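Residue numbers for the sequence shown follow my numbering, beginning at 318 and rising by one. Beta carbons: idealized from backbone N, C-alpha and C, even for Gly. If you're wondering where the values come from, they're calculated on a predicted model, not measured in any experiment.
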Amino acid sequence: MQNAINKTRRYIEQYITSVRWLRNLMIPALVALVTYNFFEIRIYQTMADVTNKDSEGNSKIKSAMMFCVYFVVGYTIKLGYELFNAYFVACSIKNALTNFFGDYLKISYQSFTKIGIGEAQYNINRRVFALIEFLSSVCVDFASNFLFFLIAIGSLGNEIKSARLKGNFTLVHSCIYDFFGYCPVSEINCKN
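Take a look at the structure:
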């Protein structure tokens, strides 16, 4: 287990954080991802507004226009983020291939001939594919899904606060109705 953690740490240091310009672009990429996730939440909210049967015609048109704006802007940001990720993974693969081939070139001639060219190529490809899976699943997919989850929870928190406010208003309204509901306002004014 400790060996796997050390290899993971070494791969992260060697192929992710070692390239300075990639390191500098990670923060803007994460900001773009957060912005896209915000737009995706807004897309779902405006889609619910458009399909709401209780809303008026002008409100539906405005919601449909906002849906289009959120959709275009959000998916443009997502495209930029995915292009960065594709380039990030490609650069990491290039660095990994260079390092993995270098490892086999450092082996003595007798050891290299015992391994064979086919087995060396197979081992290099296997290590590269493992790195591709690691980068695409952990660094790209997990980060995207985790940030979407956090933003969705934050958005739900705002909705819960709003629902709590509506619930408190309904509670106060029902208490007032219960108090004055048994005695209509017209009867109160008539009792002088």
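>> DSSP three-state label for Gly433, please.
In response: coil
> Going by beta carbon distance, what residues of the same chain come within less than 7 Å of Leu452, once the five residues before and after it are set aside?
Replying inline: Val406 and Ser409
> Where does Ser512 sit, in a helix, a strand or coil, going by DSSP?
Replying inline: Look at the range of the chain in this structure, 318 to 509, and you will see that residue 512 is not part of it.
>> Could you compute how far the alpha carbon of Tyr387 sits from the alpha carbon of Ile449?
In response: 32 Å
> Val336 by DSSP, collapsed to three states: which one?
Replying inline: coil
>> Please state the DSSP three-state secondary structure of Glu373.
In response: coil
>> Quick check on this structure: which residue in Ala403, Gln362 and Thr393 has the alpha carbon closest to the alpha carbon of Phe384?
In response: Gln362
>> Pop quiz: Val351 and Ile468 are said to be a contact at Cβ under 8 Å. What is the actual Cβ separation, rounded to whole angstroms?
In response: 7 Å
> Ordered along the chain, which non-local residues of its own chain (more than five positions away) have a Cβ less than 7 Å from that of Ala346?
Replying inline: Tyr398 and Phe401
>> What would DSSP say about Met318, mapped onto helix, strand or coil?
In response: coil
>> So, with DSSP's three-state summary, where would you put Lys324?
In response: helix
> Skipping 5 residues on each side, what residues in its chain have a beta carbon closer than 8 Å to that of Ile394?
Replying inline: Ala349, Thr352, Tyr353 and Phe356
>> Given this structure, state the Cα-to-Cα distance separating Thr510 from Tyr421, to the nearest angstrom.
In response: The shown model of the chain, from 318 to 509, leaves out residue 510, and the question about it has no answer.
> Which value, in whole angstroms, describes the spacing of the CA atoms of Phe417 and Asn323?
Replying inline: 17 Å
> With DSSP run on the structure shown, which of helix, strand or coil describes Ile441?
Replying inline: helix
>> At the level of alpha carbons, what is the spacing between Ser376 and Ile470?
In response: 27 Å
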